[in-house]
Amino acid sequence: MTLIGVLSDTHIPVVVPRLPREILEILGKEGVSLILHAGDMVVSGVVDDLLEVAPVKAVAGNMDHPPVQEAWPFRDVVQVEDVRIGLIHGWGPPQGLPSRVLDAFAQDNVDCVVFGHSHLPLNERRGGVVLFNPGTPTDTRFSSIKSLGILEVEGGEIRGRHIFLP
């Protein structure tokens, strides 16, 4: 089984000066071998911190500073074992966001779409595709819940779960 840590909307240093150590400790204890960040890091230091735990694949979001937007794509497809994961930040209002990000990968034969933007945790299956938003581990502007996610990949299957933070 491959375990993947999933984050989005960390908004460093806008909401907190640095990614909290607690998040790195949780990812380390979970034993993740890859971390996906679905954008709105704001600054690239977030990736440097995450690299202490595992390799990172990321996409840029609408709030990311220009150096982050230049360093990372706005959309990617990541292969883990036999599973294809679409990675995108998302855009527009929260209503309809899952459908928009799913449509963005309609031609890519993905098994899962990881996204952020709304700050709202989501883990549901539509038409055989897992739609997974980890929520935000740091920012309570649009949600009173702080969370991150774990994806479990095994035998060509993928499932997600959230870890809720105090």
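For the record, in the sequence shown the residue sitting at position 154 is 154 according to the UniProt record's numbering, with numbers rising by one throughout. Cβ coordinates follow ideal geometry from the N, Cα and C atoms, glycine included.
Meets three-Cβ-pair contact criterion under 8 angstroms: the stretch 96 to 112 and the stretch 52 to 64: no
Pairwise C-alpha distance: Q69 and V14: 17 angstroms
Extent of the continuous alpha helix (DSSP H) run through A71: 66 to 71
Cβ pair count under 8 angstroms reaching 3, the stretch 81 to 89 against the stretch 144 to 162: The stretch 81 to 89, when compared against the stretch 144 to 162, does touch it at the 8 angstroms Cβ threshold.
Residue closest to R18, alpha-carbon to alpha-carbon, out of V47, C112, R159, L34: If we check each option's Cα against that of R18, V47 comes out closest.
Residue from S33, R21, T138, P94 with nearest C-alpha to V42: T138
Status (buried if at least 16 other CB within 10 Å, exposed otherwise) for P134: buried
Rounded distance between the beta-carbons of I23 and G45, thought under 8 angstroms: That pair is no contact at about 13 angstroms.
Proximity of G116 and G61 at Cβ, strictly below 8 angstroms: yes
Environment of V32 [buried if 16+ CB atoms lie within 10 Å]: buried
Rounded distance between the beta-carbons of L3 and A38, thought under 8 angstroms: Rounded, the Cβ-Cβ distance is 17 angstroms, inconsistent with contact.
CB contact flag (I85, D111, <8 angstroms): yes
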